[in-house]
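J.: Take this structure first; my questions come after.
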Amino acid sequence: MRAIVFDSPGKVALADVPEPRIEHPTDALVDIKVSAICGTDLHALHGVPGIPPGTVLGHEFTGEIVAVGSAVQDRKVGELVNASDFTACGRCWWCRNGDHWECEDRSFFGFGSVFGEPLPGAQSELIRVPHADTVLCPVPEYCTPEAAVFVGDTLACGFAAAERGELLPGEAVAIVGGGTVGQMASLACQIIGAATVVVTDRLPARLQVAADNGAIAATPADAEGIIAEVTDGRGADLAIDAVGGQAPLLAACDLVRRRGRITSVGAHFDGTFPYPIAKAFAEELTLSCAIGDSIRLRDRIFPLLAAGVLDPTVVVTASVSLAEAAEAYQRMAAHDELKVLIHP
Numbered sequence: 336m337r338a339i340v341f342d343s344p345g346k347v348a349l350a351d352v353p354e355p356r357i358e359h360p361t362d363a364l365v366d367i368k369v370s371a372i373c374g375t376d377l378h379a380l381h382g383v384p385g386i387p388p389g390t391v392l393g394h395e396f397t398g399e400i401v402a403v404g405s406a407v408q409d410r411k412v413g414e415l416v417n418a419s420d421f422t423a424c425g426r427c428w429w430c431r432n433g434d435h436w437e438c439e440d441r442s443f444f445g446f447g448s449v450f451g452e453p454l455p456g457a458q459s460e461l462i463r464v465p466h467a468d469t470v471l472c473p474v475p476e477y478c479t480p481e482a483a484v485f486v487g488d489t490l491a492c493g494f495a496a497a498e499r500g501e502l503l504p505g506e507a508v509a510i511v512g513g514g515t516v517g518q519m520a521s522l523a524c525q526i527i528g529a530a531t532v533v534v535t536d537r538l539p540a541r542l543q544v545a546a547d548n549g550a551i552a553a554t555p556a557d558a559e560g561i562i563a564e565v566t567d568g569r570g571a572d573l574a575i576d577a578v579g580g581q582a583p584l585l586a587a588c589d590l591v592r593r594r595g596r597i598t599s600v601g602a603h604f605d606g607t608f609p610y611p612i613a614k615a616f617a618e619e620l621t622l623s624c625a626i627g628d629s630i631r632l633r634d635r636i637f638p639l640l641a642a643g644v645l646d647p648t649v650v651v652t653a654s655v656s657l658a659e660a661a662e663a664y665q666r667m668a669a670h671d672e673l674k675v676l677i678h679p
């Protein structure tokens, strides 16, 4: 079958790869209807230790179940389903407590051995899904496959950032980064009841998307002043790093008020971080990290999509075929696209 694979640093390619098959009784095979290129995939594009050449990329997808293992009880052949971007057993202590990302049996689709045992990704025609009863869920009526794709990762990340940051109605939020995760965090915070959401980014197109969808858009140079203006000089109650890396997280630390909360939902690969501990101590700041756990959050997110309360597809700037996906990666890396969907 055809799939997009990591070829070498800076390059992905369309390739013929072996078709997946049922390997365990809890597996399902899913015929992919829509997948996506995520900002996390750009880390793979540039090369990450643990992602060897030939790795099938992609971790966001919606599709139709075409086969199930003998132990799968809840999912049925013919169902249109959405998947979490990672697997979890659904039975261990971590899973029973809603912390599926910490499951010892976790694998992350399309990211080599970086976050668990390697598992081929979703930028392909067919995918094997372990622990299908836990990882997959039906796409509800009135929710399009394109909208459902976001629940498995980026929209779950947006809600996880708000959840981890303990956002309360009426609070002010600063979001560093207007990529897809930052835009999803903005939508999530608005749904929860933030009085003000300020999204900061360097790219005018991203700022326009944020402004068109209820946020106040600000360049990095203007962000601190705008946030001070809307909070009577206090600073944001919650600052969200939606990029990852040292500079964006430090920027979030600068935008939060005294006794405020900072949540990082961007992907981090640096071994250390120069946290301003003296400032954090004096101002009683709280720093936390969050990863979008769709398995925990999707039952709260999907009703919002089905009811039309929010539409994550507002960030989609292109839809391509598998044959066009490698070139779309380059456009995303050059920031010419915000979000690309792939229709195999």
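According to this note's numbering, the sequence shown holds residues 336 to 679 in order. The C-beta atom is built at its ideal place from N, Cα and C for all residues, glycine as well. All values reported here derive from a predicted model rather than from experimental measurement.
Tell me, to the nearest whole angstrom, how far the beta carbon of Arg410 is from that of Val403; I am working on the premise that it is less than 8 Å.
T.: Indeed, because the Cβ distance is near 6 Å, the residues count as touching under 8 Å.
J.: Report the option in Glu399, Ala509, Thr469 and Pro344 whose CA atom is closest to the CA atom of Val565.
T.: The candidate whose alpha carbon is nearest that of Val565 is Ala509.
J.: Hey, how far is the Cα of Leu590 from the Cα of Trp429?
T.: Leu590 and Trp429: Cα-Cα distance of roughly 33 Å.
J.: Per DSSP, which residues does Arg596 bridge with? Please list them.
T.: For Arg596, which the question treats as bridged, DSSP gives the partners Leu573 and Thr621.
J.: Measuring CA to CA, which of His466, Met336 and Glu452 is closest to Pro353?
T.: Considering only alpha carbons, the answer is Met336.
J.: So what's Val412 in DSSP terms, helix, strand or just coil?
T.: Coil.
J.: Is it buried or exposed, Asn432, if we count other Cβ atoms within 10 angstroms and call 16 or more buried?
T.: Exposed, because fewer than 16 other Cβ atoms sit within 10 Å of the Cβ of Asn432.
J.: In this structure, how does DSSP classify Glu564 when only helix, strand and coil are distinguished?
T.: Reduced to three states, the DSSP call for Glu564 is helix.
J.: From Glu414 to Ser448, what distance separates their C-alpha atoms?
T.: So the alpha carbons of these two residues sit roughly 30 Å apart.
J.: My understanding is that Ala497 touches Ala523, with C-beta atoms under 8 Å, so please give their C-beta distance in whole angstroms.
T.: That belief holds up - the Cβ atoms of Ala497 and Ala523 are roughly 5 Å apart, short of 8 Å.
J.: Spatial neighbours of Ile367 within its chain, please: CB distance less than 7 Å, with the 5 preceding and 5 following residues excluded, ordered by chain position.
T.: These residues qualify, in order along the chain: Phe396, Gly398, Ala457, Ser459, Glu460, Leu461, Ile462 and Pro679.
J.: Taking the runs of the beta strand (DSSP E) that are 3 residues or longer, which of them lie wholly in the stretch 515–562?
T.: As far as the stretch 515–562 is concerned, its whole beta strand (DSSP E) runs of at least 3 residues are 531–535 and 551–553.
J.: Check each candidate in Asn548, Ala617 and Glu437 and name the one with the smallest Cα separation from Arg594.
T.: Out of Asn548, Ala617 and Glu437, Ala617 has the C-alpha closest to the C-alpha of Arg594.
J.: What first and last residue would you give for the alpha helix (DSSP H) that runs through Ser370?
T.: No alpha helix (DSSP H) holds Ser370; the beta strand (DSSP E) holding it covers Ala363 to Ile372.
J.: For Ser442, which three-state DSSP category applies?
T.: Three-state DSSP puts Ser442 in coil, outside helix and strand.
J.: Should Asp547 go down as buried or exposed, given a rule of 16 or more other Cβ atoms within 10 Å for buried?
T.: The residue in question, Asp547, is exposed, as its Cβ has fewer than 16 Cβ neighbours within 10 Å.
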